[in-house]
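Reviewing the structure listed below.
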Amino acid sequence: MSSQHFQGRFEVEFKYRLSDVDAFTSALAALNPEVMLEDNQEQDSYFDTPEHSLAAGGKSLLIRTMQPSGIQLWIVKGPEADRCEAVNITDADKAASMLRTLGYRQVLAISKRRSIYFVGPFHVTRDHLEGIGDFAELAIMTDDEDRLEEYRTELKHLAIKLGLKQREYRSYKKLCELNQ
342 MSSQHFQGRF EVEFKYRLSD VDAFTSALAA LNPEVMLEDN QEQDSYFDTP EHSLAAGGKS
402 LLIRTMQPSG IQLWIVKGPE ADRCEAVNIT DADKAASMLR TLGYRQVLAI SKRRSIYFVG
462 PFHVTRDHLE GIGDFAELAI MTDDEDRLEE YRTELKHLAI KLGLKQREYR SYKKLCELNQ
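Take the sequence shown: its position 176, counted from the start at 1, is 517 in my numbering, and no numbers get skipped.
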């Protein structure tokens, strides 16, 4: 796994709805991406306090499991829009149990089918969420806060190369909450 792609405290990310998955897949293939994984099933379990204090503070805490890759992550997002940190864990069930012991509870579960590719320093994902739709995410993680604007510009150019037009500003968490 190219873990250097997922290092940093900040993530610049753009999400787009895919109206034509095949056209996107062809445009991506033309850029000769490095394949990290294809068609993994991801399960994101979101946790919060009973008072929803994390959500009120613009933060998300989730445990992600990925199969068949076996990757398990602890992810914290927010409160700033670009703030995102993730760490590999070895036992997602134990981590979830520890959160429950601390008084957190699972507030949402999201399942998606995800493929991850690398185009230069950027990671490109193709996601399918049942009942929500198909999406592409273009992103980069970094510790260099001074380069966030530069990365936004570069990601916009990558989106043009991939023929992406329908930007989705809501998180998967928000989309799933609206769909419940």
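All residues carry an ideal CB built from backbone N, CA and C; glycine is no exception. Everything numeric in this text was worked out from a predicted model, so none of it was measured.
Roughly how many angstroms separate the alpha carbons of S343 and F476, rounded to a whole number? Residue placement at S343 cannot be trusted, given a pLDDT of 46 that sits under 50; what the coordinates show is reported in the next sentence. Taking the straight line from one Cα to the other gives about 22 Å.
Are there 16 or more other CB atoms within 10 angstroms of the CB of E383, so buried, or fewer, so exposed? buried
Determine, using beta-carbon pairs with one atom in the stretch 479-496 and one in the stretch 346-358, whether at least three such pairs fall under 8 Å. yes
Hey, does P420 have any beta-carbon neighbour from chain B nearer than 8 Å? In the structure shown, chain B cannot be found, because there is only a single protein chain.
Would you call the CB atoms of A381 and Q408 closer than 8 Å? The sequence shown places Asn at residue 381, not Ala. The answer is yes: Cβ separation under 8 Å.
Per-residue DSSP class, three states only, for L516: helix
Taking the beta strand (DSSP E) that S394 belongs to, which residues open and close that run? No beta strand (DSSP E) holds S394; the alpha helix (DSSP H) holding it covers S394 to A397.
Selected residue, minimal CA-CA separation from D434, among S386, L470, S512 and L449: S386
My assumption, with CB atoms under 8 Å, is that L369 sits in contact with Y458. Please give the rounded CB distance. 6 Å
Tell me T406's beta-bridge partners as DSSP assigns them. Q384 and Q413
Counting Cβ pairs, one atom from each stretch, are 3 or more of them under 8 Å apart for the stretch 395-415 and the stretch 496-503? no
Do I451 and K514 come within 8 Å of each other at the CB atom, strictly closer than that value? yes
Taking only the alpha-carbon atoms, compute the straight-line gap between E426 and S367 and give it to the nearest angstrom. 31 Å
T442 classed as buried or exposed, judged by whether at least 16 other C-beta atoms fall within 10 angstroms: exposed
F459 bridges to which residues according to DSSP? E375 and H464
Do Y357 and Q507 have their CB atoms nearer than 8 Å? yes
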